[in-house]
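**Q**
Number of protein chains: 2
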Amino acid sequence: MSEPTENQQPLRVVVADDQAAVREPLAAMLGLSPDIDVVAAAADGHEVLTAVAARPVDVVLMDLRMPRMDGTEATRRLTEEHPEVAVVVLTTFADDDSILSALSAGARGYLTKNSGRQDIIRAIRAAAAGQSVLDREVQNRLLATARATPSAPKDPLPRDITPREREVLTLIGQGLPNRAIAERLFISEATVKTHINNLFAKAAIRDRADAVRRAIAAGLA
Amino acid sequence: MSEPTENQQPLRVVVADDQAAVREPLAAMLGLSPDIDVVAAAADGHEVLTAVAARPVDVVLMDLRMPRMDGTEATRRLTEEHPEVAVVVLTTFADDDSILSALSAGARGYLTKNSGRQDIIRAIRAAAAGQSVLDREVQNRLLATARATPSAPKDPLPRDITPREREVLTLIGQGLPNRAIAERLFISEATVKTHINNLFAKAAIRDRADAVRRAIAAGLA
DNA sequence: CCCGGACTCCACCCATGGGTCCAGGTGCGA
DNA sequence: TCGCACCTGGACCCATGGGTGGAGTCCGGG
Chain A
0 MSEPTENQQP LRVVVADDQA AVREPLAAML GLSPDIDVVA AAADGHEVLT AVAARPVDVV
60 LMDLRMPRMD GTEATRRLTE EHPEVAVVVL TTFADDDSIL SALSAGARGY LTKNSGRQDI
120 IRAIRAAAAG QSVLDREVQN RLLATARATP SAPKDPLPRD ITPREREVLT LIGQGLPNRA
180 IAERLFISEA TVKTHINNLF AKAAIRDRAD AVRRAIAAGL A
Chain B
0 MSEPTENQQP LRVVVADDQA AVREPLAAML GLSPDIDVVA AAADGHEVLT AVAARPVDVV
60 LMDLRMPRMD GTEATRRLTE EHPEVAVVVL TTFADDDSIL SALSAGARGY LTKNSGRQDI
120 IRAIRAAAAG QSVLDREVQN RLLATARATP SAPKDPLPRD ITPREREVLT LIGQGLPNRA
180 IAERLFISEA TVKTHINNLF AKAAIRDRAD AVRRAIAAGL A
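Chains as they are written, first to last, in numbering that gives the first Met the number 0: chain A, 0 to 220; chain B, 0 to 220.
(1) Please report how far the alpha carbon of D96/A lies from the alpha carbon of A41/A, in whole angstroms.
(2) Which residues in chain A sit within 9 Å of L176/B, going by Cβ to Cβ distance?
(3) Which residues in chain B have a C-beta closer than 8 Å to the C-beta of G218/A? List them in chain order.
(4) Answer yes or no: do A217/B and L99/A have a C-beta to C-beta separation smaller than 8 Å?
(5) Since G129/B meets chain A, which of its residues come closer than 7 Å, beta carbon to beta carbon?
(6) I'd like to know if the segment 12-32 of chain A and the segment 136-144 of chain A are in contact, where contact means that at least 3 CB-CB pairs between them fall below 8 Å.
(7) Does any CB atom of chain A fall closer than 8 Å to the CB of A125/B?
(8) According to DSSP, what are the bridge partners of I35/A?
(9) Any residues in the segment 88-104 of chain A with a beta carbon nearer than 9 Å to a beta carbon of chain B? Which ones, in chain order?
(10) Have a look at E136/B, T49/B, I123/B, Q117/B and flag the residue whose alpha-carbon is nearest the alpha-carbon of G108/B.
(11) Can you grab the Cα-Cα spacing for the pair R178/A / D69/A, in whole Å?
(12) Alpha carbon to alpha carbon, how far is A127/A from A50/A? Give it in angstroms, no decimals.
(13) Going along chain A, which residues have a C-beta under 9 Å from A52/B?
(14) Looking at the secondary structure, which residues open and close the beta strand (DSSP E) in which V84/B lies?
(15) Does the beta carbon of A73/A sit closer than 8 Å to a beta carbon anywhere in chain B?
(16) Runs of 4 residues minimum, wholly inside the segment 66-142 of chain A: which ones carry the alpha helix (DSSP H) assignment?
(17) Which value, in whole angstroms, describes the spacing of the CA atoms of F92/B and P66/B?
(18) Counting only beta-carbon atoms, is I186/A nearer than 8 Å to chain B?
(19) Count the other C-beta atoms from every protein chain shown that fall within 10 angstroms of the C-beta of E80/A, then say buried if there are 16 or more, exposed otherwise.
(20) Can you tell me whether T90/B is buried or exposed, with buried defined as 16 or more other CB within 10 angstroms of its CB?
(21) Whose C-beta lies closer than 7 Å to the C-beta of L168/A among residues of the same chain, with five residues either side of it excluded?
(22) Counting only beta-carbon separations shorter than 8 Å, does R146/A have a partner in chain B?
(23) Run through the DSSP bridge pairs and tell me what V59/B is partnered with.
(24) Might you give, ordered along the chain, the residues of its own chain that have their beta carbon closer than 7 Å to the beta carbon of T71/A, omitting 5 neighbours on each side?
(25) According to DSSP, which residues form a beta bridge with A40/B?
(26) Cβ atoms of V13/A and A125/B: under 8 Å apart, would you say?
(27) Output, in chain order, the set of chain A residues within a Cβ distance shorter than 8 Å of Q8/B.
(28) Is the CB of V12/B under 8 Å away from at least one CB in chain A?
(29) What does a CB cutoff of less than 8 Å around P55/A pick up in its chain, not counting 5 residues either side in sequence?
(30) Would you say R121/A reaches chain B, if we count a Cβ-Cβ gap shorter than 8 Å as a contact?
(31) Here's the rule I'm using: 16 or more other beta-carbon atoms within 10 Å means buried, otherwise exposed. How should L175/B be labelled?
(32) Classify A106/A: buried if its beta carbon has 16 or more other beta carbons within 10 angstroms, exposed otherwise.
(33) Run through chain A and tell me which residues come within less than 9 Å of I171/B, C-beta to C-beta.
(34) Cα separation between D34/A and Q8/A?
(35) Would E182/B be called buried (16 or more neighbouring beta carbons within 10 Å of its own) or exposed?
(36) When you compare the CB positions of R158/A and Q130/B, do they come within less than 8 Å of one another, or not?
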């Protein structure tokens, strides 16, 4: 995951936070580490983007709540335009929405602001190396959310339905009318109806709306 | 999250892997770090538990595939009996099931075996400090699973739909035909149709099947 | 070799759904 | 008071869906 040789060059870090009272001490504190070089500070998302465009950067330490462009949006653009730059979120908020959207936007770390100096530095190093560091609480939330997904809850369809019938059910689940299903499968609409009728009988499906629900529940759509 | 003073004592680490060819070099490699002290090696889950019971331990570096008791089960017991011990999983497998079950069991890190020495050491330090380090791939999988949960993804219905229309959509999503909807709401079928027509126009819904999908996606059904 | 299952298709029927146009009643805020 | 949004309802039309019965092909197994 990372080369055996590390610590060649100090990590170039951008600190982004709209509150100077947070940003400045943070930057100063990080600069004390010999392997960290704070090359810029930003007060909003736009400043982050321009800062990264102006010079090579390894890691952005990003607050979420910022004026003009928030940290999530900045992260999204950053990872699009500069995928080599790692983003570590550092915020006071650790609600599910913030976590999910920030990580979805491409953040490679998520710390809350009760993290210590060593925690932040470690997260920066890890992010630069391609790893991802999460606060324990953040990890727990993410995990809880992930666990909540019934990834396998497949409403058991009767197993005597044929592969063709399963195909048809899938397309019904996608909202296609019979004609579109027929075209998709290169068969006639009459055949589609036949499959549907057999399917309904086998699986105790009442009508098309019911079929859509079953298809979704079964994970077909 | 962690005290300002760190690196007081070297971290006491147990290395668990059933293959001596992996375990021994790994332990030796980690021992080279001045702040890491490999106090035991284990070839299966039972050995891990006895090793931890015998002496104070900060971090267990745990393989998942082990005989007698696998890493997940060992992690579960460990975090129950010794919650102060951090477990970092180090394995070749990164499938969703392994990740979810290991983290659910209480692991505070999950690395794949193409991690470098620095990656592993960083993960150990982070875990000891209460953070959680994941491989980027692992984080992505966890995130994908979490994102799949219907907890947030509310397909945004246009907000100019009226309460009544929303009610109707909910019932459509439950698979009810118009007549049943009419009876349920104590209105005529004609009125139901009117609501449905307005609804379809506002929300760009094509037909009933589409409506079912939207209702489910919106969390109405 | 024949049987049965799966897939394909047709014809016919009628219930339901979906679209259009219109219109009365109610309640609320300008 | 007027307008407006919302809920309510009716009439009409035609497309789609759903059900029945029948029939042909292909293929694998008994």
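Glycine is no exception: its CB is placed at the ideal position from the N, C-alpha and C atoms.
**A** A quick look at the data gives this:
(1) 24 Å
(2) Reading off the sequence, residue 176/B comes out as Pro, not Leu. Within chain A, the residues near P176/B are R205, D206, A208.
(3) None at all; the shortest Cβ gap to chain B is about 11 Å.
(4) no
(5) R135
(6) no
(7) yes
(8) L10/A
(9) D95, D96, I98, L99, S100, L102, S103
(10) I123/B
(11) 46 Å
(12) 18 Å
(13) In chain order: nothing, as chain A lies at least about 24 Å away.
(14) It is not in any beta strand (DSSP E) - V84/B carries neither H nor E in the DSSP assignment.
(15) no
(16) 70-80, 95-103, 116-127
(17) 16 Å
(18) no
(19) exposed
(20) buried
(21) L198, A210, A214, L219
(22) yes
(23) V13/B, V86/B
(24) L63, S100, A101, A104
(25) V14/B
(26) no
(27) Neighbours of Q8/B on chain A: none; closest Cβ ~15 Å, over 8 Å.
(28) no
(29) R11
(30) yes
(31) buried
(32) buried
(33) A208
(34) 7 Å
(35) exposed
(36) no
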